[in-house]
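I have placed the structure first, in the form of structure tokens, so that the comments after it can refer back to it.
Written out as structure tokens, the structure reads:
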């Protein structure tokens with residue numbers, strides 16, 4: 001049986017008109033947690049977008065996704081879907 005990696009994958013779905021605070025707040029929280037965790041127990045943070053690499057938040061901030069949704073190579077431990085006017089379009 002294959003052993004599961006020690007890190008935990010957290011993925012955030014990005015979309016146009018997302019609230020930037022709903023993206024950056026949780027991502028910062030996990031990044032800060034990583035400072036206190038041993039290297040082999042840290043969170044692996046990914047951002048995903050449907051078709052485009054960059055999305056524009058509701059305030060105009062452009063955010064680049066790490067991967068397209070279709071290109072996610074593995075299961076994730078936690079999938080976060082932020083809010084915003086564009087949430088109803090996905």
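In the numbering used here, the protein residues as written are 1 to 90.
In this text, a Cβ means the ideal position worked out from N, Cα and C, and glycines have one as well.
Starting from the C-beta of residue 135, find all residues in its chain whose C-beta is less than 7 Å away, skip the five residues before and the five after it, and write them out in chain order.
-> What is shown of the chain runs 1 to 90, which leaves residue 135 out entirely.
State whether the segment 63-70 contacts the segment 32-44, with contact taken as three or more CB pairs (one from each stretch) at a distance under 8 Å.
-> no
What is the residue span of the alpha helix (DSSP H) that residue 21 lies within?
-> 20-36
Going by other Cβ atoms of all chains shown within 10 Å of its Cβ, with 16 needed for buried, is residue 37 buried or exposed?
-> exposed
Secondary structure, beta strand (DSSP E): runs of 3+ residues fully inside the segment 42-76 = 43-49, 54-56 and 62-64
What's the gap between the Cα of residue 80 and the Cα of residue 48?
-> 10 Å
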